[in-house]
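Below: one structure, written as structure tokens.
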Amino acid sequence: MFGGIVVVLGMSSGWLAFDIIVLALLIGWGVSAGISAYRRKHYATVLDEDAFRDGMRKAQVIDLRQKDAFDKGHILGARSLPYIYLKQQYGELRPDLPVYLYDDGMQLSTQAVTFLAKKGYHKLYILKGGYADWHGKTKKAKYAD
């Protein structure tokens with residue numbers, strides 16, 4: 001029965017399977033993006049560059065990128081705490097002070113604020129667009145490539 005419908009639509013079963021897979025991937029991506037947006041809104045405040053710069057003097061500024069990316073350039077005053085180490089070292093962060101987080105975009109920051117909020121941190125902020133969109137002062141490690 002379905003074979004006749006596929007032929008009427010002018011599609012082979014191979015293309016139909018491909019279309020179904022692509023559709024499933026798109027739906028999965030959309031759901032994932034929606035969950036990330038919800039988590040950002042629920043657990044943190046997303047700040048544009050000006051607001052981030054204005055508040056960072058009174059906050060703990062955390063760069064979640066890998067150490068080599070941090071060494072190549074980071075926001076002046078930021079501390080390197082790669083996301084892969086956050087679950088072991090989050091206790092080094094003071095829960096009474098704001099935590100300003102950034103990565104290359106906002107994906108790792110969203111995951112980090114979700115984790116930190118569940119550990120009792122409430123003053124969580126994410127740099128909108130991440131380091132990729134930062135135009136303020138930066139610093140490079142002395143011996144970075």
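The opening residue of the sequence shown carries number 1 in full-length UniProt numbering; numbering runs sequentially from there.
Ideal Cβ positions, reconstructed from N, Cα and C, are used throughout, including at glycine.
The structure displayed is predicted, hence computed values, not measured ones.
So Tyr102 is in the beta strand (DSSP E); what residue range does that whole segment cover? Here residue 102 refers to the residue found at position 102 of the sequence shown. Segment 99–102, the beta strand (DSSP E) holding Tyr102.
Counting beta carbon pairs with one atom in the stretch 24–31 and one in the stretch 110–124, are three or more of them shorter than 8 Å? no
Tyr102 and Ala59: beta carbons closer than 7 Å? Here residue 102 is taken as the residue at index 102 of the sequence shown, counted from 1. Here residue 59 is taken as the residue at index 59 of the sequence shown, counted from 1. It is not a contact, given that the beta carbons lie outside the stated cut-off.
Just to confirm before moving on: does the CB-CB distance between Gly73 and Lys140 stay below 7 Å? Within the sequence shown, residue 73 is the residue found at index 73, counting from 1. Within the sequence shown, residue 140 is the residue found at index 140, counting from 1. A contact, by the Cβ cut-off of 7 Å.
In the DSSP assignment, find the unbroken beta strand (DSSP E) run with Asp63 in it and report its ends. Position 63 of the sequence shown holds residue 63. 60–63 is the span of the beta strand (DSSP E), which, as asked, contains Asp63.
Backbone secondary structure at Lys140 - three-state DSSP: Indexing the sequence shown from 1 puts residue 140 at position 140. Three-state DSSP puts Lys140 in coil, outside helix and strand.
DSSP three-state label for Leu76, please. Counted from its first residue, the sequence shown places residue 76 at position 76. Here Leu76 sits in coil by DSSP.
For Lys123 versus Pro98, is the C-beta distance shorter than 7 Å? As a working note, residue 123 is residue 123 in the sequence shown. As a working note, residue 98 is residue 98 in the sequence shown. Result yes, Cβ atoms of Lys123 and Pro98 sit closer than 7 Å.
Return the Cβ separation of Ile75 and Val61 in integer angstroms, given the expectation that the two are a contact with Cβ distance under 8 Å. On the sequence shown, residue 75 is found 75 positions in, with the first residue counted as 1. On the sequence shown, residue 61 is found 61 positions in, with the first residue counted as 1. Contact flag correct, Cβ pair sits at about 6 Å.
How about Gly136 and Arg57: do their beta carbons lie closer than 7 Å? Counted from its first residue, the sequence shown places residue 136 at position 136. Counted from its first residue, the sequence shown places residue 57 at position 57. Cβ distance not < 7 Å, so Gly136 and Arg57 don't count as in contact.
Where do the N-terminal and C-terminal ends of the alpha helix (DSSP H) with Leu108 fall, by residue? The residue you call residue 108 lines up with position 108 of the sequence shown. Note, Leu108: alpha helix (DSSP H), 107–118.
Can you tell me which of the three DSSP states Leu25 falls into? Within the sequence shown, the letter at position 25 stands for residue 25. Helix.
Three-state secondary structure assigned by DSSP to Tyr43: Numbered from its first residue, the sequence shown carries residue 43 at position 43. Helix at Tyr43.
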